[in-house]
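> Dumping the structure here so I can ask a few things about it.
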Amino acid sequence: MMCSAGSAAAHPDCLFCKIVAGDIPSDQVYTDDAVVAFRDIAPQAPVHVLVVPRRHVSGIDDLRDEPELAGRLLAAAAKVARIEGVHEAGYRVAVNHGRHGAQSVGHVHLHVLGGRQLHGELG
Ligand code: DGP
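The sequence shown lines up with residues 8 to 130 when you count with the working numbering.
Below is the structure:
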């Protein structure tokens with residue numbers, strides 16, 4: 008399925024755009040025409056994968072009018088969970104946005120966390 012979300016539009020100063028472009032190495036778990044998923048450099052669980060759009064999108068707020076890309080990201084997260092073998096035991100998908108959300112990289116990303124019992128606190 009073609010998706011306009013997959014078209015390249017890298018932001019020159021964006022860390023995750025550089026990872027998507029292959030300019031910074033990453034341990035990739037899954038890719039398709041719209042999405043790249045790679046292991047977090049500082050994992051907080053045995054499975055900790057980041058799912059990002061190939062195209063630069065700063066945060067989840069910028070997905071409010073992009074339901075197709077939002078869906079592609081969520082579907083990719085579910086595929087990553089299957090690839091990593093955590094889909095039956097369970098896992099968490101989280102998105103941090105902005106300052107109060109503790110977003111540290113300004114290219115929207117879904118955290119896929121699993122591989123152990125996660126704690127219930129989100130805030
Ligand atoms: P957040 O705080 O939600 O913006 O999460 C950003 C995540 O990105 C954080 O868990 C660490 C990860 N990260 C930062 N720099 C790199 C990097 O160079 N490579 C990889 N694979 N992950 C990174």
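Ideal Cβ positions, reconstructed from N, Cα and C, are used throughout, including at glycine.
(1) Is the distance from the Cβ of H94 to the Cβ of V56 below 9 Å?
(2) If we ignore side chains and look at the alpha-carbon of each, how far apart do D68 and G92 end up?
(3) Please list the segments of the beta strand (DSSP E) lying wholly inside the segment 30-97, counting only runs of 3 or more residues, in order along the chain.
(4) Using the three-state DSSP reduction, which class does V27 fall into: helix, strand or coil?
(5) Spatial neighbours of L132 within its chain, please: CB distance less than 8 Å, with the 5 preceding and 5 following residues excluded, ordered by chain position.
(6) Say yes only if the C-beta of D34 is nearer than 8 Å to one or more non-hydrogen atoms of ligand 1, and no if none qualify.
(7) Let me know the secondary structure DSSP gives L22 once reduced to three states.
(8) Label S111 either buried or exposed according to how many other C-beta atoms from any shown protein chain fall within 10 Å of its C-beta, with 16 as the threshold for buried.
(9) The beta strand (DSSP E) with H118 in it runs from where to where?
To lay it out plainly:
(1) Locating residue 94 in the sequence shown gives position 87, counting from the first residue. Locating residue 56 in the sequence shown gives position 49, counting from the first residue. No; because the gap between Cβ atoms is not below 9 Å, this pair is not in contact.
(2) Start at 1 with the first residue of the sequence shown, and residue 68 comes out as number 61. Start at 1 with the first residue of the sequence shown, and residue 92 comes out as number 85. Roughly 30 Å separates the two Cα atoms.
(3) Entirely contained in the segment 30-97, the beta strand (DSSP E) runs reaching 3 residues are, in chain order, 35-38, 42-46 and 54-60.
(4) Mapped onto the sequence shown, residue 27 falls at position 20. It is helical.
(5) This structure gives no information on residue 132, because the portion of the chain shown stretches from 8 to 130.
(6) If you number the sequence shown from 1, residue 34 lands on position 27. With a cut-off of 8 Å, the C-beta of D34 is classified as near ligand 1, since at least one heavy atom of the ligand falls inside that distance.
(7) For the purposes of this step, residue 22 is taken as the residue at position 15 of the sequence shown. For L22, the secondary structure class from DSSP, reduced to helix, strand or coil, is helix.
(8) For the purposes of this step, residue 111 is taken as the residue at position 104 of the sequence shown. Within 10 angstroms of the beta-carbon of S111 lie fewer than 16 other beta-carbons, which makes it exposed.
(9) To locate residue 118, count along the sequence shown from 1; it is residue 111. Here the beta strand (DSSP E) through H118 covers L117 to G121.
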